[in-house]
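Following: one structure in structure tokens, then a few remarks.
In the numbering used here, the protein residues as written are 25 to 357.
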């Protein structure tokens with residue numbers, strides 16, 4: 025197979041000159057005769073340029089910019105992805121935020137020449153449609169992913185069950201749950217559709233196993249939602265042993281509101297969040313949280329993306345990363 029050096033030797037020019045001519049660099053100052061000669065020699069030798077590997081990454085995320093700003097989970101996960109892209113010396117093509125009002129056609133935003141990372145909840149049909157546009161695709165935090173698409177996730181249902189059982193084993197029998205409503209993006213029918221929250225479903229199943237009546241408040245996902253949920257809980261005057269919240273923002277809000285009452289945390293009421301966001305460690309009281317390892321999710325997703333680039337590996341992998349309970353001031357478990 026002919027090389028640039030072979031062409032350079034016959035044309036009596038440098039390898040750099042050959043490369044620039046064959047790449048049609050019009051800024052190169054050489055005669056037309058030299059240009060024509062290099063091109064002729066390359067053709068005679070049967071030289072073919074190696075296709076350059078596209079090292080660009082495109083991210084499509086379920087969270088719009090407003091949600092990312094207020095939701096540390098998506099913000100920290102996207103930042104972890106960007107950090108991994110830099111470490112691997114790849115290029116971030118762009119981040120496509122899918123707005124709830126579907127103000128654009130998502131499929132037309134996908135660049136088939138990039139490696140695609142899809143973050144957050146999309147319907148299975150949406151993933152299948154994205155795959156047809158760009159099969160070099162890895163998803164993060166999906167629950168219903170075709171077996172031919174890369175996926176990196178975590179067992180939120182199972183870990184919630186384990187956490188509840190741990191509380192039960194410590195003698196805490198009365199547990200309430202604060203959460204919100206979640207949706208999946210359906211890019212085929214251009215809408216958002218309600219979806220089951222595995223944390224809430226796990227809690228309901230656990231209550232049924234122990235013959236307990238579930239106590240659930242779904243006020244939303246923000247600190248203000250946590251404060252409102254705790255306000256309603258205190259008004260019932262039936263204080264549980266533990267409040268499990270579906271994210272740390274709810275836990276922070278609940279802990280802040282209860283400061284205005286006579287209830288002491290964690291002596292009388294313990295609060296557990298999920299996500300292990302940065303704020304969970306810095307507030308007072310600091311929040312015990314079931315950690316979703318965003319850095320590990322990003323690292324594994326980018327490892328799979330890099331296999332597409334480096335090895336042209338089209339084998340699909342499904343990876344489940346471990347979660348860990350990080351104990352802080354809001355509990356004594």
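Glycine is no exception: its CB is placed at the ideal position from the N, C-alpha and C atoms.
These numbers were taken from a predicted model, which means no experiment stands behind them.
{"Check": "What did DSSP end up calling residue 94 once you bin it into helix, strand or coil?", "Outcome": "helix"}
{"Check": "Taking 8 Å as the cut-off, decide whether the C-beta atoms of residue 222 and residue 181 are in contact.", "Outcome": "yes"}
{"Check": "With DSSP collapsed to three states, give me the class of residue 31.", "Outcome": "helix"}
{"Check": "Mapping the DSSP letters down to three states, classify residue 147 as helix, strand or coil.", "Outcome": "coil"}
{"Check": "Just the Cα atoms here: how many angstroms apart are residue 202 and residue 193?", "Outcome": "21 Å"}
{"Check": "Beta-carbon separation of residue 287 and residue 263 under 8 Å?", "Outcome": "yes"}
{"Check": "Could you check whether the region 129-145 touches the region 81-92, counting it as contact only if at least three pairs of C-beta atoms, one from each stretch, sit closer than 8 Å?", "Outcome": "yes"}
{"Check": "Which stretch, first to last residue, makes up the beta strand (DSSP E) that contains residue 294?", "Outcome": "294-299"}
{"Check": "Which residue spans inside the region 191-262 form an unbroken alpha helix (DSSP H) run of at least 4?", "Outcome": "222-233, 247-260"}
{"Check": "On the DSSP bridge list, what partners appear for residue 163?", "Outcome": "142, 175"}
{"Check": "Which residue from 329, 278, 143, 323 puts its Cα closest to that of residue 309?", "Outcome": "278"}
{"Check": "Using C-beta distances below 6 Å, list every residue in its chain close to residue 206, excluding the 5 sequence neighbours before and after it, in chain order.", "Outcome": "219, 221"}
{"Check": "By Cβ distance below 8 Å, which residues in the same chain neighbour residue 315 in space, the five residues on each side in sequence not counted?", "Outcome": "299, 300, 347, 348, 349, 350"}
{"Check": "Would you kindly work out how many angstroms separate the C-alpha atoms of residue 270 and residue 336, rounded to a whole number?", "Outcome": "38 Å"}
{"Check": "Excluding the five sequence neighbours on either side, which residues of its own chain have a C-beta within less than 6 Å of the C-beta of residue 196, listed in chain order?", "Outcome": "265, 266"}
{"Check": "Could I get the ranges of all uninterrupted alpha helix (DSSP H) runs contained in the region 37-73, with 4 residues as the minimum, in chain order?", "Outcome": "39-46, 56-68"}
{"Check": "Between the region 114-121 and the region 145-152, can you find at least three pairs of beta-carbon atoms closer than 8 Å?", "Outcome": "no"}
{"Check": "I'd like the list of long-range same chain contacts for residue 32, defined as Cβ closer than 8 Å, with 5 residues on each side in sequence excluded.", "Outcome": "38, 39, 41, 42"}
{"Check": "If you measure between the beta carbons of residue 209 and residue 200, is that distance less than 8 Å?", "Outcome": "no"}
{"Check": "My output table needs one value for residue 103: the three-state DSSP class, helix, strand or coil.", "Outcome": "helix"}
{"Check": "Can you tell me where the alpha helix (DSSP H) holding residue 280 begins and where it ends?", "Outcome": "272-282"}
{"Check": "For the alpha helix (DSSP H) holding residue 351, just list the boundary residues, first then last.", "Outcome": "Looking at the DSSP string, residue 351 is not in any alpha helix (DSSP H), and its letter there is neither H nor E."}
{"Check": "How far does the alpha helix (DSSP H) with residue 132 in it reach, from first residue to last?", "Outcome": "130-133"}
{"Check": "Tell me which residues share the same chain as residue 101 and place their Cβ nearer than 6 Å to its Cβ, disregarding the 5 neighbours each side in the sequence.", "Outcome": "318"}
{"Check": "Does DSSP classify residue 330 as helix, strand or coil?", "Outcome": "helix"}
{"Check": "Check this for me: beta carbons of residue 322 and residue 174, under 8 Å apart or not?", "Outcome": "no"}
{"Check": "Checking the sheet assignment: what are the DSSP bridge partners for residue 185?", "Outcome": "Paired residues: none, contrary to the question."}
{"Check": "For residue 83, name the three-state secondary structure that DSSP assigns.", "Outcome": "strand"}
{"Check": "Please work out which residues of its chain come closer than 7 Å, Cβ to Cβ, to residue 303, disregarding the five sequence neighbours upstream and downstream, and give them in chain order.", "Outcome": "96, 272, 276"}
{"Check": "Mind checking residue 178: buried by the 16 CB within 10 Å criterion, or exposed?", "Outcome": "buried"}
{"Check": "Hey, could you find the ends of the beta strand (DSSP E) residue 341 is sitting in?", "Outcome": "It is not in any beta strand (DSSP E) - residue 341 carries neither H nor E in the DSSP assignment."}
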